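Q: Before we start, here is the structure in question, set down as structure tokens.
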Amino acid sequence: MKYLLKKGTVVCPITCKESELDVLIDNGMIVRVEKGISDKKALALDASQCIVMPGFIDLHAHLREPGEEEKETLYTGAKAALAGGFVRVVCMPNTEPPLSTSFLIKAVAQSDASSLFCRVLPTGSLSKNREGKEIAELNLMAKAGAVAFSDDGSSIQSAGLMRSLMLYSLTTKKPLFLHEEDVNLSPQTCIHEGKASFVTGVEGTPSSAEAVMIARDILLAEETGARVHFQHLSSKESITLLRNAKKKGIQVTAEVTPHHLVLTEDETVSLNPLFKVNPPLRSTEDRNALEEALVEGVIDVIATDHAPHTKEEKTREFELAPPGIAGLETALPLLYTYFVEKKIIDLRRLVEVFSINPAKVLGKKVFAIREGERAELTVINTAESRKVNPEKFFSKSKLSPFQGFELYGWPEYVFVEGELRFLKGDFPLEERRSKGVD
Amino acid sequence: MKHLVSILDLNNKDVNKIFSIAKHFEEVLERRVKKVPALIGKTLALLFIEPSTRTKTSFELAARRLSCDTISLSVSTSSLKKGETLEDTARTLSSMKVDCAVVRHPHEGAAKKLASLNLFPVINGGDGKGEHPTQALLDAYTALKKLKSLNGKKVSIIGDVLHSRVARSGIELWHRLGAKVTLVGPPTLLPRHLPEYVDVSYRLDEVMKNSDILYFLRIQRERLGGECLAGIEDYRDLYALTKDRLKNLRRDVVIMHPGPVNRGIELDPEVIYDERSIIEEQVFEGLSIRMAVLTLLLSEKGGFHEIPA
Amino acid sequence: MKKVILDADAIRRSLVRIAHEILEKNKGASDLYVIGIWTRGYFLGRRLANKIKEIEGIDVPVGSIDVTFHRDDIEIRGLKEAGRSEIPTLVDEKTVVLVDDVLYTGRTVRAALDALIGYGRPKKVQFAVLIDRGHRELPVRADYVGKNIPTSKEEEIKVLIEEVDGKDEVVLIKGEKK
Numbered sequence: 001m002k003y004l005l006k007k008g009t010v011v012c013p014i015t016c017k018e019s020e021l022d023v024l025i026d027n028g029m030i031v032r033v034e035k036g037i038s039d040k041k042a043l044a045l046d047a048s049q050c051i052v053m054p055g056f057i058d059l060h061a062h063l064r065e066p067g068e069e070e071k072e073t074l075y076t077g078a079k080a081a082l083a084g085g086f087v088r089v090v091c092m093p094n095t096e097p098p099l100s101t102s103f104l105i106k107a108v109a110q111s112d113a114s115s116l117f118c119r120v121l122p123t124g125s126l127s128k129n130r131e132g133k134e135i136a137e138l139n140l141m142a143k144a145g146a147v148a149f150s151d152d153g154s155s156i157q158s159a160g161l162m163r164s165l166m167l168y169s170l171t172t173k174k175p176l177f178l179h180e181e182d183v184n185l186s187p188q189t190c191i192h193e194g195k196a197s198f199v200t201g202v203e204g205t206p207s208s209a210e211a212v213m214i215a216r217d218i219l220l221a222e223e224t225g226a227r228v229h230f231q232h233l234s235s236k237e238s239i240t241l242l243r244n245a246k247k248k249g250i251q252v253t254a255e256v257t258p259h260h261l262v263l264t265e266d267e268t269v270s271l272n273p274l275f276k277v278n279p280p281l282r283s284t285e286d287r288n289a290l291e292e293a294l295v296e297g298v299i300d301v302i303a304t305d306h307a308p309h310t311k312e313e314k315t316r317e318f319e320l321a322p323p324g325i326a327g328l329e330t331a332l333p334l335l336y337t338y339f340v341e342k343k344i345i346d347l348r349r350l351v352e353v354f355s356i357n358p359a360k361v362l363g364k365k366v367f368a369i370r371e372g373e374r375a376e377l378t379v380i381n382t383a384e385s386r387k388v389n390p391e392k393f394f395s396k397s398k399l400s401p402f403q404g405f406e407l408y409g410w411p412e413y414v415f416v417e418g419e420l421r422f423l424k425g426d427f428p429l430e431e432r433r434s435k436g437v438d
Numbered sequence: 439m440k441h442l443v444s445i446l447d448l449n450n451k452d453v454n455k456i457f458s459i460a461k462h463f464e465e466v467l468e469r470r471v472k473k474v475p476a477l478i479g480k481t482l483a484l485l486f487i488e489p490s491t492r493t494k495t496s497f498e499l500a501a502r503r504l505s506c507d508t509i510s511l512s513v514s515t516s517s518l519k520k521g522e523t524l525e526d527t528a529r530t531l532s533s534m535k536v537d538c539a540v541v542r543h544p545h546e547g548a549a550k551k552l553a554s555l556n557l558f559p560v561i562n563g564g565d566g567k568g569e570h571p572t573q574a575l576l577d578a579y580t581a582l583k584k585l586k587s588l589n590g591k592k593v594s595i596i597g598d599v600l601h602s603r604v605a606r607s608g609i610e611l612w613h614r615l616g617a618k619v620t621l622v623g624p625p626t627l628l629p630r631h632l633p634e635y636v637d638v639s640y641r642l643d644e645v646m647k648n649s650d651i652l653y654f655l656r657i658q659r660e661r662l663g664g665e666c667l668a669g670i671e672d673y674r675d676l677y678a679l680t681k682d683r684l685k686n687l688r689r690d691v692v693i694m695h696p697g698p699v700n701r702g703i704e705l706d707p708e709v710i711y712d713e714r715s716i717i718e719e720q721v722f723e724g725l726s727i728r729m730a731v732l733t734l735l736l737s738e739k740g741g742f743h744e745i746p747a
Numbered sequence: 748m749k750k751v752i753l754d755a756d757a758i759r760r761s762l763v764r765i766a767h768e769i770l771e772k773n774k775g776a777s778d779l780y781v782i783g784i785w786t787r788g789y790f791l792g793r794r795l796a797n798k799i800k801e802i803e804g805i806d807v808p809v810g811s812i813d814v815t816f817h818r819d820d821i822e823i824r825g826l827k828e829a830g831r832s833e834i835p836t837l838v839d840e841k842t843v844v845l846v847d848d849v850l851y852t853g854r855t856v857r858a859a860l861d862a863l864i865g866y867g868r869p870k871k872v873q874f875a876v877l878i879d880r881g882h883r884e885l886p887v888r889a890d891y892v893g894k895n896i897p898t899s900k901e902e903e904i905k906v907l908i909e910e911v912d913g914k915d916e917v918v919l920i921k922g923e924k925k
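Chains as they are written, first to last, in my numbering: chain A, 1 to 438; chain B, 439 to 747; chain C, 748 to 925.
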């Protein structure tokens, strides 16, 4: 099968291209990238209002399988990720049972959904069964396909165990994805200690609950040489620590979520459970610090922390509702509209935080748009705006705090592993399969 | 009076002398009467404050092959929690005219403490995570017999190096005899801040092809779960000499283990009796090396270092 | 003060005579087994076996025995490098001729007898020495003696042999009075 992407703005920091070009894809491989290609055998895809970028990778999503299939499955999660413009999605191990054995890792890594939609890359739990007590079988899970290790959702409280985990992870050369939260400081209410806690009366989670753990783990990362990646940073204190660590040359990376970049504690004052996330939405100052870090390069990666829940759970009282929002399908338009359109970051930086840096964190080859590369492409339309309508999400979770936001930059075409798997809201491979053609 | 507390107590001349005397005793051990009167009338005290079958049996038999009497002291650990009581025990032994003592103790430094009293020559039979010099000697000697020379040979020590007194004594001796030492194990069980001449690897498969000697340490079962290791399966996949790995092993490699082997953990049962394993030879040389050490400490005026020409 | 007591020819003649005596006493060479005490006793033993072969045409087995760890005076003498013990065939039911260079206090041959028991049960044990210098401390005597040399305790007898020292010679060294 041959495809010809016509007149798209190609943005590839690896090849240093940023101009209107055609891209010819033959048998999954990019064979030509230049102006004015014509090939009558190729299926022409109009990209004249589009930006063509190396495929996006989400380092942080909860796909809920096994155990909580009412919230999401690998199938719906991979589909939502593809619709959100991602070619790879890293799923977290806080399932039921947790992804804590090579057997489960293998099952997720070989999921059928990966060959239809976005490829799912599993993360193994850091501690055995995510209990924060013993080391999980990191080596066997890495061999079975785990790309990283994480206890996301909880944080390793014991510094001794954390140090052992970092040391033991060196047998695998895989990164540790760390959710940082000291439970002695955090009441786990998902309300920022500040204006929100004062106004609502709910006990707040101070920024230090995150920052003290970041400080600890920067020290341990330096000592052990482990590859540490901090998940969903939320506070300016954490940013300061990270900035200093990077200045010192310590090998740590960090991600921030679109919701922490766009929203603040002001949204939680109403105690609307749609805005309940962990770590909590923090102050405007914190958000500003995150934005500054994103621009500066202190933040390496944007990750969705896609955490779908059922409507029943997510519409309970704030205190009882689970934290987390479905973010796979809004991340890219949010970043495009709020940061690229407003010229806070440029397109190259967008590609860095969504494609290049996530690949580097995983220790994988980065995607590039040039001849001889397999087509891994995220193509977004920047001319047409659309309102966020959660009812049309491909995720099982039909809720979003961004409902009604008018956004630009929605995915138009997505090529995964050389195949055109997303085409303006359609899923060609899924259709072909349901028709029995393969 | 001289002692054997640490491998550092021996200079290279001492080591060579121990090896050359051990060679003689090997021959004695093959005789019909496996006994010589070299230490007749002497008494060796076996002061084992920590359970041990192998080392104790080996020392006891070595002493008897030299016509040296032995007495075993079973002292409960609880009564020896304080240094003073260990000293008391030593002074009691001295009053009973004991000529030498082998000490096995759960705490590092116990043998050194006893030696510092200078009541009689003290041999360290293993002190906590400290040292086990006679094991290091017998290991090096057994390997030397097999390979003729250790110069430039690559020795990989695999397993829980951090808690291993065998490794602590061994690293120094292997290095001194010209071998290149690589420690292989999970970073949680490897010592940090190692001397420059020691290499480190986290995966057995990385060093297998390049090693002349694969020295496996015993892994304590209680460490398999918890904060150091991720269970038996993960450990075996990374560090055990399994049937499968055995198939891809060099023909001329030498497999060693200080014993007792955890069958099915660090070594598969097939490995123990593989032709490349010299584990049984290690046990045999344990006797001849300990006979040599006892003879040197008990028969020489001044013991090591002051050997008359 | 050094004085040569036996030169190479004299040593050779002594060994030839001892070989004849051994054959005479044992009525031939069957069941003989020559075991030399390491070091010089061993080489003298080898020479004796060669002479026996020349005379009788029979190959007599030769062994060596090291007595370092059988001595009762290790503490006094200090521990030297141990020598070679090599008993190639069984000694059981054999007539063993122990060979040494010098017989003095008798402690060495006692240790050798002790060591020999470790290898089996000989039918008979005889003892041959090149020099007997007297001053026995134990009740032993040699069956075959090359030369009796009365000495004082201050004197030293030095046996040099080709295989070890490069020449054959026995010297008496007069020491000063202690």
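C-beta atoms are modelled at their ideal positions from N, C-alpha and C, and glycine is treated no differently. Owing to the predicted nature of the structure, the values given are computational and were not obtained by experimental measurement.
Ignore the nearest five residues each way along the sequence and tell me which others in Thr171 of chain A's own chain have a CB closer than 6 Å to its CB.
A: Asn139
Q: Going by Cα to Cα distance, which pick from A:Pro411, A:Gly153 and A:Ile299 is closest to Ala47 of chain A?
A: Just measuring C-alpha positions, the residue of A:Pro411, A:Gly153 and A:Ile299 sitting nearest Ala47 of chain A is A:Pro411.
Q: Could you confirm whether any beta carbon from chain B is found closer than 9 Å to the beta carbon of Asp861 of chain C?
A: Judged by the 9 Å Cβ criterion, Asp861 of chain C is in contact with chain B.
Q: Excluding the 5 residues preceding and the 5 following Ala245 of chain A in the sequence, name in chain order all residues of the same chain whose CB lies nearer than 6 Å to its CB.
A: Ile218 and Val252
Q: Tell me which residue opens and which closes the beta strand (DSSP E) that Asn562 of chain B is part of.
A: Val560 to Asp565
Q: Per DSSP, which one or two residues make a beta bridge with Leu482 of chain B?
A: B:Thr508 and B:Cys538, per the DSSP bridge assignment.
Q: Less than 9 Å between the C-beta atoms of Asp819 of chain C and Arg880 of chain C, yes or no?
A: no
Q: Between the beta-carbon of Lys314 of chain A and the beta-carbon of Ser397 of chain A, is there less than 9 Å?
A: Remark: C-beta atoms of Lys314 of chain A and Ser397 of chain A approach each other more closely than 9 Å.
Q: Would you say Ala617 of chain B and Ile651 of chain B are within 9 Å of each other, going by their C-beta atoms?
A: yes
Q: Taking the continuous alpha helix (DSSP H) assigned at Phe149 of chain A, which residues delimit it?
A: Per DSSP, Phe149 of chain A belongs to no alpha helix (DSSP H); it is in the beta strand (DSSP E), Ala148 to Ser150.
Q: Do the CB positions of Val636 of chain B and Val619 of chain B come within less than 9 Å of each other?
A: yes
Q: Give me the DSSP bridge partner(s) of Leu652 of chain B.
A: B:Ser594 and B:Ile693
Q: Could you check whether the Cβ of Ile250 of chain A sits closer than 9 Å to any Cβ belonging to chain B?
A: no
Q: Interface residues of chain A around Pro625 of chain B at Cβ under 8 Å?
A: Leu167, Tyr168, Leu170, Thr171 and Thr224
Q: Starting from His232 of chain A, follow the alpha helix (DSSP H) in both directions and report where the run begins and ends.
A: Element bounds for His232 of chain A: n/a, residue is neither H nor E.
Q: With distances taken from CA atoms, which of C:Ile904, C:Glu909, C:Ile908 and C:Ser777 is nearest Lys921 of chain C?
A: C:Ile904
Q: Given that Ile864 of chain C touches chain B, what residues does it touch there, using C-beta distances under 9 Å?
A: Arg470 and Val471
Q: Given a threshold of 16 other Cβ atoms within 10 Å of its Cβ, counted over all protein chains shown, does Ile805 of chain C qualify as buried or as exposed?
A: exposed
Q: Alpha helix (DSSP H) containing Gly893 of chain C: first to last residue?
A: Note, Gly893 of chain C: premise wrong, no alpha helix (DSSP H); beta strand (DSSP E) at Tyr891 to Asn895.
Q: Note down, one range per segment and in chain order, each alpha helix (DSSP H) of at least 4 residues found wholly within the stretch 358 to 426 of chain A.
A: Complete alpha helix (DSSP H) runs here, min 4: none at all.
Q: Let me see if you follow: with CB-CB separation under 9 Å, is Asp813 of chain C close to chain B or not?
A: Cβ-Cβ to chain B under 9 Å: yes for Asp813 of chain C.
Q: DSSP three-state call for Tyr168 of chain A: helix, strand or coil?
A: helix
Q: Check whether the stretch 302 to 319 of chain A and the stretch 15 to 32 of chain A are in contact - that is, three or more C-beta pairs closer than 8 Å.
A: no
Q: How close, in whole Å, do the beta carbons of Lys41 of chain A and Leu21 of chain A come, if the pair is a contact with beta carbons under 8 Å?
A: Rounded, the Cβ-Cβ distance is 20 Å, inconsistent with contact.
Q: Measuring only the C-alpha atoms, how far is Pro401 of chain A from Lys342 of chain A?
A: 21 Å
Q: Of all Cβ atoms in chain B, is any one closer than 9 Å to the Cβ of Ser150 of chain A?
A: no
Q: What are the boundary residues of the alpha helix (DSSP H) that Lys685 of chain B is part of?
A: Lys681 to Lys685
Q: Is it the case that the Cβ atoms of His570 of chain B and Thr493 of chain B are separated by a distance below 9 Å?
A: In this structure, Thr493 of chain B lies closer than 9 Å to His570 of chain B by Cβ.
Q: Under 9 Å, CB to CB, which of the residues in the stretch 473 to 499 of chain B have a partner in chain C?
A: If the cut-off is 9 Å between Cβ atoms, the stretch 473 to 499 of chain B has Lys473, Val474, Pro475, Ala476, Leu477 and Ile478 near chain C.
Q: Using 8 Å for Cβ pairs, my map puts Leu290 of chain A next to Val256 of chain A. What's the rounded Cβ distance?
A: 5 Å
Q: How about Leu138 of chain A: is its C-beta nearer than 9 Å to some C-beta of chain B?
A: At a cut-off of 9 Å between beta-carbon atoms, Leu138 of chain A makes contact with chain B.
Q: Can you give me the start and stop residues for the beta strand (DSSP E) that Val604 of chain B sits inside?
A: It is not in any beta strand (DSSP E) - Val604 of chain B instead sits in the alpha helix (DSSP H) that spans Arg603 to Arg614.
Q: Just grab the DSSP bridge partners of Leu582 of chain B for me.
A: Note: Leu582 of chain B sits in no beta bridge, so no partner.
Q: Given this structure, state the Cα-to-Cα distance separating Ala146 of chain A from Leu161 of chain A, to the nearest angstrom.
A: Distance between the alpha carbons of Ala146 of chain A and Leu161 of chain A is about 20 Å.
Q: Is Pro187 of chain A near the ligand ATP, judged by its Cβ being under 8 Å from some heavy atom?
A: With respect to small molecules bound, the structure shown includes none, and the ligand ATP cannot be examined in it.
Q: Within 10 Å of its beta-carbon, does Phe198 of chain A have 16 or more other beta-carbons around it, so buried, or fewer, so exposed?
A: exposed
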